[in-house]
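**Student:**
Numbering (the numbering used here), first residue to last: 7 to 82.
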């Protein structure tokens, strides 16, 4: 997470463009919106997290994004 947020959003935007279906694009868009909050939390830590901790955090955010988009599609 040593990149600036705009670089991270650019990476996610590339994934959105290459996603196979609209549902996956929605998940990735949601994930992208959560990146700034994750980055802020990481930057506030007195000790930088390990790569494993960052991977776990991003995996959790992706799972929560999937859940949020799944719930939204059930409501619609």
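Glycine residues also receive a C-beta, built at the ideal position from the N, C-alpha and C atoms.
Below 6 Å CB to CB, which residues in the same chain sit around residue 38 once its five sequence neighbours on both sides are set aside?
**Tutor:** 15, 18
**Student:** Which residues bound the alpha helix (DSSP H) around residue 75?
**Tutor:** 57-81
**Student:** Kindly indicate which three-state DSSP category residue 50 falls into: helix, strand or coil?
**Tutor:** helix
**Student:** Which value, in whole angstroms, describes the spacing of the CA atoms of residue 24 and residue 63?
**Tutor:** Using only the alpha carbons, I get a separation of about 23 Å.
**Student:** I need the DSSP call for residue 10, collapsed to helix, strand or coil.
**Tutor:** coil
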